[in-house]
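Here the structure is laid out as structure tokens; the discussion comes afterwards.
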Amino acid sequence: MDTNKRPDNMQRITTPELAKAFIDEQVAKVRAQVGNKKVLLALSGGVDSSVVAALLIKAIGKQLVCVHVNHGLMRKGESEQVIEVFGKALDANLIYIDATDRFLDLLAGVSEPEKKRKIIGAEFINVFAEEASKLEGISFLAQGTIYPDILESIKQAEGKKAVKSHHNVGGLPEDLQFELVEPIKLLFKDEVRVVGEALGLPHAMVYRQPFPGPGLGVRCLGAITRDRLHALREADAILREEFDNCGLNEKVWQYFIAVPDVKSVGVKDESRYEGWPAIIRAVNTTDAMSATIEEIPYPVLHKITARITSEVEGINRVLYDLTPKPTGTIEWE
Ligand code: XMP
Numbered sequence: 001m002d003t004n005k006r007p008d009n010m011q012r013i014t015t016p017e018l019a020k021a022f023i024d025e026q027v028a029k030v031r032a033q034v035g036n037k038k039v040l041l042a043l044s045g046g047v048d049s050s051v052v053a054a055l056l057i058k059a060i061g062k063q064l065v066c067v068h069v070n071h072g073l074m075r076k077g078e079s080e081q082v083i084e085v086f087g088k089a090l091d092a093n094l095i096y097i098d099a100t101d102r103f104l105d106l107l108a109g110v111s112e113p114e115k116k117r118k119i120i121g122a123e124f125i126n127v128f129a130e131e132a133s134k135l136e137g138i139s140f141l142a143q144g145t146i147y148p149d150i151l152e153s154i155k156q157a158e159g160k161k162a163v164k165s166h167h168n169v170g171g172l173p174e175d176l177q178f179e180l181v182e183p184i185k186l187l188f189k190d191e192v193r194v195v196g197e198a199l200g201l202p203h204a205m206v207y208r209q210p211f212p213g214p215g216l217g218v219r220c221l222g223a224i225t226r227d228r229l230h231a232l233r234e235a236d237a238i239l240r241e242e243f244d245n246c247g248l249n250e251k252v253w254q255y256f257i258a259v260p261d262v263k264s265v266g267v268k269d270e271s272r273y274e275g276w277p278a279i280i281r282a283v284n285t286t287d288a289m290s291a292t293i294e295e296i297p298y299p300v301l302h303k304i305t306a307r308i309t310s311e312v313e314g315i316n317r318v319l320y321d322l323t324p325k326p327t328g329t330i331e332w333e
């Protein structure tokens with residue numbers, strides 16, 4: 001039997017009861033596979049790796065070692081949430097690595113989008129592999145692979161060309177010699193979410209919008225600088241807060257800020273004020289292959305604009321990107 005093929009008769013997990021049955025089955029399977037050995041997991045804080053972490057904590061407790069690499073390109077508060085939920089509430093065996101300087105030093109002066117993606121992906125593997133080599137007695141590597149990832153790799157194996165080189169922070173170190181533990185590899189995203197809620201993970205974590213592996217690195221356009229990255233992170237946090245306040249967070253598939261490496265002349269406190277524009281992107285899609293633009297009400301746009309331009313150092317304009325995919329991709333890089 002091909003263990004990477006979802007059986008045609010597999011029931012969709014749509015209710016807490018079905019999720020509980022799935023969890024019990026996977027807990028038993030993981031215990032049988034792992035015995036008393038140790039398992040390593042790259043925990044990004046995204047839905048998939050978080051659900052795998054919670055499932056494995058339930059199955060094997062402290063035999064799971066979670067490594068959270070903060071590449072300095074996370075959104076505001078994200079690494080803190082990983083520490084809060086896994087390090088504290090679930091009392092996981094969590095190693096937190098702040099690798100911000102390593103990533104930002106390597107990225108300094110690099111403006112070509114594919115180069116940036118490759119640097120971030122490769123450095124992630126370097127940091128993770130270094131950490132893994134320091135740990136003793138690890139026999140397994142857990143991954144948050146889900147069924148669309150398997151379908152995507154089948155497409156790639158068939159020679160279909162990708163527009164961008166994607167990287168998943170969920171852990172891609174192919175040359176690490178571990179046996180894999182992939183408890184959610186036959187699930188679709190909506191099923192992963194039902195399982196996540198049944199495991200007691202916070203709603204905001206389980207329903208988190210998609211976030212690319214290279215993080216804010218592909219939204220701080222061109223060569224990344226620390227001050228522009230900081231402005232982007234703060235502006236993005238305001239956008240998310242305002243979407244939460246008016247309920248758009250439940251309606252819009254993905255929304256974020258991008259900040260280009262361009263300054264325009266503005267005025268603040270009666271003086272010339274050169275700043276970057278913050279670009280809002282808010283899209284709806286079912287499969288991320290094409291996307292439409294959300295019609296954000298003007299009062300919401302005005303409020304976001306007023307807050308970003310007054311609260312975020314370095315931003316003097318706010319723009320709204322009305323381009324669907326195609327011709328734009330969802331991310332700018
Ligand atoms: P694009 O920009 O290609 O994005 O229209 C489609 C969806 O994929 C997300 N994305 C990524 N996800 N690793 C990921 O896991 C990546 O490197 C990556 N790049 C883009 C993007 O946010 C959108 O949801």
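Note that this note's numbering has the sequence shown beginning at 1, numbered continuously upward.
By construction, the Cβ of each residue, glycine as well, lies at the ideal position given by its N, Cα and C atoms.
| query | For the ligand XMP, is there a heavy atom less than 7 Å away from the beta-carbon of residue 213? | reply | The sequence position of residue 213 within the sequence shown is 213, counting from 1. At least one heavy atom of the ligand XMP is nearer than 7 Å to the Cβ of residue 213, so yes.
For residue 271, the residue or residues it bridges with in DSSP
Taking the first residue of the sequence shown as position 1, residue 271 is located at position 271. 268.
Report task. Note down, one range per segment and in chain order, each alpha helix (DSSP H) of at least 4 residues found wholly within the stretch 194-244. Result -> 203-206
Item to complete: Compute the Euclidean distance between the alpha carbons of residue 95 and residue 177, then round it to the nearest angstrom.
Response: Walking along the sequence shown from the start, residue 95 turns up at place 95. Walking along the sequence shown from the start, residue 177 turns up at place 177. In a straight line, the C-alpha of residue 95 is about 20 Å away from that of residue 177.
message: Here's the rule: buried if 16 or more other CB atoms are within 10 angstroms of the residue's CB, otherwise exposed. What is residue 277?
response: Taking the first residue of the sequence shown as position 1, residue 277 is located at position 277. Buried, by the Cβ-count rule.
**Report entry** Coil, strand or helix - residue 71 by DSSP
**Finding:** Start at 1 with the first residue of the sequence shown, and residue 71 comes out as number 71. The answer is coil: DSSP assigns residue 71 none of H, G, I, E or B.
**Nearest residue (CA-CA) to residue 236, options 215, 293 and 62** = The residue you call residue 236 lines up with position 236 of the sequence shown. The shortest C-alpha separation from residue 236 is found at 215.
Original post:
Any heavy atom of the ligand XMP closer than 7 Å to the CB of residue 331?
Top reply: Residue numbering aside, residue 331 sits at position 331 when the sequence shown is read from its first letter. Because some heavy atom of the ligand XMP lies under 7 Å away, the Cβ of residue 331 counts as near it: yes.
Notebook entry, point to check: What's the gap between the Cα of residue 166 and the Cα of residue 269?
Noted result: To locate residue 166, count along the sequence shown from 1; it is residue 166. To locate residue 269, count along the sequence shown from 1; it is residue 269. Approximately 43 Å between the Cα atoms of the pair.
Hey, how far is the Cα of residue 119 from the Cα of residue 17? As a working note, residue 119 is residue 119 in the sequence shown. As a working note, residue 17 is residue 17 in the sequence shown. Residue 119 and residue 17: Cα-Cα distance of roughly 43 Å.
Helix, strand or coil at residue 8 according to DSSP, with G and I counted as helix:
Counting from 1 along the sequence shown, the entry for residue 8 is found at position 8. Note: residue 8 maps to coil in three-state DSSP.
Problem - Residue range of the unbroken alpha helix (DSSP H) whose run includes residue 22 - result: Mapped onto the sequence shown, residue 22 falls at position 22. Segment 16-34, the alpha helix (DSSP H) holding residue 22.
Beta-carbon proximity of residue 19 to residue 194, cut-off 8 Å:
Sequence index remark: in the sequence shown, residue 19 carries index 19 (1-based). Sequence index remark: in the sequence shown, residue 194 carries index 194 (1-based). Yes, these two residues count as a Cβ contact at 8 Å.
Problem - Coil, strand or helix - residue 139 by DSSP - result: Locating residue 139 in the sequence shown gives position 139, where the first residue counts as 1. The answer is strand: DSSP assigns residue 139 an E or B state.
**Study point:** beta strand (DSSP E) runs contained entirely in the stretch 279-332, provided each spans 3 or more residues
**Key:** 315-320
Taking 6 Å as the limit between beta carbons, can you name the residues of its chain near residue 59, skipping five residues before and five after?
If you number the sequence shown from 1, residue 59 lands on position 59. Cβ within range, chain order: 27, 30 and 31.
Is any heavy atom of the ligand XMP found at a distance shorter than 7 Å from the C-beta of residue 118? Within the sequence shown, the letter at position 118 stands for residue 118. No.
*Going by the CB atoms, is the gap between residue 53 and residue 41 shorter than 8 Å?*
Position 41 of the sequence shown, counting from 1, holds the residue named residue 41. Position 53 of the sequence shown, counting from 1, holds the residue named residue 53. Yes.
inquiry  = Nearer than 7 Å: is that true of the beta carbon of residue 235 relative to any heavy atom of the ligand XMP?
reply    = Residue 235 sits at position 235 when you count from the first residue of the sequence shown. Residue 235 Cβ: outside cutoff for every heavy atom of the ligand XMP.
| query | Hey, how far is the Cα of residue 170 from the Cα of residue 330? | reply | On the sequence shown, position 170 is the one that residue 170 refers to. On the sequence shown, position 330 is the one that residue 330 refers to. Because the pLDDT of residue 170 is 43, which lies under 50, any placement of that residue in the model is unreliable, and the number read from its coordinates should be weighed accordingly. Rounded to whole angstroms, residue 170 to residue 330 spans 21 Å at the Cα level.
Taking Cβ positions only, does residue 164 come closer than 8 Å to chain C? Annotation note: the requested chain C is absent from the structure, which comprises a single protein chain.
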